[in-house]
Every structure is written in C-alpha cells, then in structure tokens.
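Structure first, commentary second.
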Amino acid sequence: MESIIIKGGKTLKGTINISGSKNASLPLLASSILAGKLQLNNVPYLADITSMLDLLSSLGLKYKYIDKKNKNSIFLDSTDKVSSIAEYNLVRKMRASFLVLGPLLTRTGFAKVSLPGGCAIGLRPVDLHVYAMKTLGAEIELNDGYVIAKSKKGGLIGNKIKFPDISVGATENAIMAAVLARGETIIKNSAREPEVQDLCNCLVAMGAKIDGIGTSVITIQGVTDLKQVTHDIIPDRIEVCTFIIAAVITQSHLSIHKINTNHIKYFLKIIEEMGVNFKIEKNKIEVFKSGILKPVSLKTSAYPGFPTDIQAQIVTLACLSIGNSEIQENIFENRFMHIPELNRLGANISIEGNKALIKGKSSFVGAEVMATDLRASASLILAGLAAKGITKVNRVYHLDRGYEKIDQKLSACGAEIYRTKNERP
Ligand code: UD1
C-alpha cells in the first residue's frame, strides 16, 4: 500500500491543467452500453475509471485507449455485448457501477446488478434508482445481494418519475433508461449537476431527445436507437476547487487552466467572501496570495449549491481563517471522517450532529494520518501542504480513485510531495 509524504510550507508557483471530470466520465462510460460505439475524450486516468472499464468488459463490451500514453481517450464498442449480469466482485469496488442498471435494462430488457460498495461515507441506498426503473415499467426483485430487473415485452415505457429527494446517480440511471423507452418520460426533481448535463448533452448528440437539460424537470421522448459520436468530457470541478484551495492554503500564486468557471460559481462566491484573491478569465483562474481569511458558514446541497465533494477541503481552509466557521453536511450522514485526522494535524474542530464547528487560526503541524475516503484524502493533502514539518498520508488508494496525478501536478509547481510504498516503515 502506498503513502504520500509531504514536506509542508512550500510556496507553489506555476500552472496546473485540470483533468476531465471523473463523475461525468462514469455515467458516460455506462452510456456506451446504449450507444453501440462511442468515443470519449478527456477521460481522467483513474482507478474508478478502470473499475468501470473492467465492469463493462465483463459485460462483453470492447474498449481501447486511443492515446496509449495518457489513456485519456477511449473508444468503446458494445455491438457484441453478451451479458446483463454485473457481478458483485466488480460492482462492490465503486458505487457508480450501479449506473449500468438503466442502460442494460433498457437495451436488453434484463439486468442483474449487484448492490454497490464505494466510499464509506454513509448508507447510500439505491431505492431511488429502483423506483425510477419500476416507474418505467420494470419488475424488480432483490435476491442474494442483487437487483434483478426485467422490463415487460417491448421494453420500458415512458412515465412520470417524481423523485422525493435529489439523487445524481438515480437521475442519470433514469435518463439512460428513458432515452430508449417507448414514449415520453418526465423526470421531476432531477439532479442538475454539470455531470448530469454532460451526460444529457452527449446523449442528445447520439440522437436522444431530451429537454430541460440543467433544470429540475427533464423531459425525454424515447427513440429506438442511438448513433456513434465523439464526446469531450467536461473539466473536473472538484479538482479545480481542490487546487484553488491548495493555492490559498500555501499563500501561493497559481494559474489553473482548462476549467469551466460556470460550474464553480457558488464555490467562488464563498471563497470571495472569505477574502481569497483571484481573477477569472475565460477557461482559467489565477489565484493570488490572500491576506487574512474570514470564517465561513455554509451548508452542502445539491447543485447549484455548495458541493458535498468540496466540504472536506473547505473545512481545511476554514481552519486557517480568523474566527469560527460552521459547515453543515446535508447530503451524506457520515462525511466527517477527515475531522479527527485534521485535528491530529493541529486543527480545532468539533462535530455537532451534521455540523463541523471550526475554531480558526490553527497552524497545521505535520503528522501521520489516514485517508478514509476520496475527498477526505484531499483535505489531508491540503493540510499537509500548509503544515510545518512532514505529513504522511496513509491509504492513498482513495485519492487515486478521483484525482489524476495529484502528486505530480503539485510537485511540478514546487510542492515537496512524493509517494512511498511502505505504509509503516
Ligand atoms: C454522486 C457523486 C458523488 C457526490 C454525490 C452527491 C458520482 C459518481 N458520484 O454520487 O461524488 O458526492 O453525487 O453530489 O457522480 N440516496 C438515496 N437513495 C438512492 C440514491 C441516493 O437515499 O437511491 C441518497 C444518498 O444516500 C445521499 C443522497 O441521496 O444521501 C445523494 O446521493 P446521490 O446524489 O445519489 O449520490 P451519488 O450519485 O451516489
């Protein structure tokens, strides 16, 4: 198992290019089950992406990397797809594997998908996914840890899906199922995340008929087949925000390129209120050394609100502000596992229910810490960059699920960061 070692306190300088979005890539990879043939560009080369490719291969899809060096362009071919059974040993690695349910069911009339695993950040049930499939006419059975879904003869039938709560994954599964269903589907209270929009935009290019993209009511007219396209994945907004915080936390001047500033508006508003000094240009942001940071009070919520995937990182930043901050986690019920680890690095944070109460003016001091989930890992790397002395972050495989070459990108800008194979020397 690998660890990351950081010698903190270095100022960063230079340019960072943002990778394609992991969370946009995963449903788009699943959508290749619908498409026959699909080329995706700007796919980040990450453990979660290879997990999805392994799953698709197990279903009989073929894929090849078009750029063999960076592995960011993938051609997928589902013409000879053979199986509709997504096995436990592949699905358990990542919750997003469950996104094959809708495409398999709508294409073949049958899907048997293991209940998923993924980050340990809460219960993360799949009831909303199952509800969407049932509403489109599927018969669903839960058996032996698998969801077994069958459509009636003639396939899924368009209907009104009214989600009681917003779910990114369930919205994506519903959209992928509905594009090949018979007739009209209206999805109410759908997720509006840029990643959902990217999926819709690619499906529309393939020939799907989708209205209301980016709104909470999506209307789909089913079609009988889709055509081959090439699609460029949007930039990873979570990675952008993480690197912005890396710049602020190290009092650095960094230029972050290949971004879409429209996707991070709420985050930019928050850091502006905190006193972060930055300038936005078309597809880039320049972050300058900031003065004293003000505390922050925020709640995570579905897009366009503050993303839960940046909660851990903003908690780290709030530790360095002057005053008391309050950060409420509203999406996942167990997403504060970074807090005891940040406290080991010198933070002063307590937890009250779903609120993190942060006493600012902390100075981080290096220590050995343990990454517990993907975004928690990023928050520890950030704290390590700002810390006096050496920080060792163990279990970095979480980080490799979601941040492409984070250590290389940071070290190219002057951070002292490297990997070691031995978790406990
Ligand atoms: C996606 C993102 C993840 C992000 C999350 C919320 C991907 C691959 N992952 O995850 O990084 O943190 O959105 O922005 O895109 N829920 C139910 N029943 C369901 C489905 C979800 O109760 O059937 C609950 C979840 O437990 C959670 C909330 O709804 O509390 C939001 O989850 P959801 O939006 O579905 O997250 P994911 O799609 O899993």
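Residue numbers for the sequence shown follow the numbering used here, so the first one is 3 and each next one is one higher. All C-beta atoms in this analysis are idealised placements derived from N, C-alpha and C, irrespective of residue type, glycine included.
Nearest to residue i by alpha carbon, out of the options?
| i | options | result |
| --- | --- | --- |
| Ala356 | Asn345, Ala369, Glu335 and Thr374 | Here residue 356 is Asn; the residue named in the question, Ala, does not match the sequence. Here the closest residue by C-alpha is Glu335. |
| Cys243 | Asn264, Thr52 and Leu228 | Asn264 |
| Val371 | Gly362, Leu384 and Ser352 | Leu384 |
| Ser323 | Ser116, Leu295 and Asp82 | Leu295 |
| Arg377 | Val206, Ala249, Thr110 and Arg397 | Arg397 |
| Ala417 | Thr232, Val219, Gly11 and Lys95 | Gly11 |
| Gln223 | Ser27, Thr217, His233 and Ile212 | Ile212 |
| Gly160 | Thr173, Arg109 and Arg184 | Arg184 |
| Ile163 | Asp146, Ile142, Tyr148 and Val132 | Val132 |
| His255 | Glu288, Val225 and Thr173 | Glu288 |
| Thr217 | Lys136, Ile408 and Ala193 | Ala193 |
| Leu319 | Asp375, Ser379 and Ile251 | Ile251 |
| Met135 | Gly147, Tyr148 and Thr108 | Thr108 |
| Val102 | Leu130, Ser33 and Asn74 | Ser33 |
| Asp402 | Leu48, Leu144 and Ala98 | Leu48 |
| Arg239 | Ser5, Ile8 and Tyr305 | Tyr305 |
| Thr173 | Ile266, Ala210, Phe280 and Ile215 | Ile215 |
| Pro497 | Lys39, Glu197, Thr221 and Tyr268 | Since the displayed the chain opens at 3 and closes at 427, residue 497 lies outside it and no answer follows. |
| Lys407 | Lys39, Lys73 and Gly325 | Lys73 |
| Glu195 | Met208, Ala140, Ser169 and Cys415 | Ser169 |
| Gly325 | Pro297, Arg337, Met339 and Ile351 | Pro297 |
| Ala248 | Ala98, Ile150 and Ala389 | Ala389 |
So, residue i versus residue j, is the Cβ gap smaller than 8 Å?
| i | j | result |
| --- | --- | --- |
| Ala57 | Tyr65 | Contrary to the premise, residue 57 reads as Leu rather than Ala in this sequence. Against a cut-off of 8 Å, the Cβ pair of Tyr65 and Leu57 comes out as no contact. |
| Gly293 | Gly307 | no |
| Leu36 | Leu182 | yes |
| Leu61 | Lys95 | no |
| Ser364 | Gly386 | no |
| Leu300 | Ile329 | yes |
| Phe100 | Pro127 | no |
| Asp79 | Leu63 | yes |
| Asp26 | Leu201 | Reading off the sequence, residue 26 comes out as Ala, not Asp. Their beta carbons are under 8 Å apart, which means Ala26 touches Leu201 by this criterion. |
| Lys260 | Ile419 | no |
| Leu92 | Leu55 | no |
| Glu89 | Ser116 | yes |
| Gly362 | Ser413 | no |
| Glu331 | Thr302 | yes |
| Ile392 | Lys9 | yes |
| Ser85 | Phe112 | no |
| Cys321 | Ile266 | no |
| Gln253 | Lys281 | no |
So is residue i buried or exposed if we call it buried at 16+ other beta carbons inside 10 Å?
| i | result |
| --- | --- |
| Tyr399 | exposed |
| Gly120 | Below a pLDDT of 50, predicted positions are generally treated as unreliable, and Gly120, at 48, falls in that range; the measurement from the model is reported next regardless. Gly120 comes out buried. |
| Arg421 | exposed |
| Ile123 | Summary for Ile123: the model assigns pLDDT 45, below 50, so the residue's position carries little reliability, and this model does not support an answer. |
| Pro105 | buried |
| Gly171 | buried |
| Ile18 | buried |
| Gly404 | buried |
| Pro166 | exposed |
| Gln410 | exposed |
| Val395 | buried |
| Gly22 | buried |
| Leu228 | buried |
| Val219 | exposed |
| Thr226 | exposed |
| Leu28 | buried |
| Ile353 | exposed |
| Met3 | exposed |
| Lys114 | buried |
| Ile246 | buried |
| Glu283 | exposed |
| Asn203 | buried |
| Lys24 | buried |
| Ser381 | buried |
| Tyr205 | This sequence places Leu at residue 205; Tyr is not what is there. Buried, since its Cβ has 16 or more Cβ neighbours within 10 Å. |
| Thr374 | buried |
| Gly368 | buried |
| Thr310 | buried |
| Leu130 | buried |
| Glu143 | exposed |
Check whether the segment 337–345 touches the segment 299–318, counting contact only when three or more Cβ pairs, one atom from each stretch, lie closer than 8 Å.
Touching, yes, given that three or more Cβ pairs across the two stretches are closer than 8 Å.
Below 8 Å, how does it come out for the segment 169–180 and the segment 188–203: are there three or more Cβ pairs, yes or no?
The segment 169–180 is in contact with the segment 188–203.
Below 8 Å, how does it come out for the segment 43–53 and the segment 220–237: are there three or more Cβ pairs, yes or no?
Contact between the segment 43–53 and the segment 220–237 is present, because at least three Cβ pairs lie under 8 Å.
Any chance the segment 153–166 sits against the segment 5–23, with 3 or more Cβ pairs inside 8 Å?
At 8 Å Cβ cutoff, the stretches do not touch.
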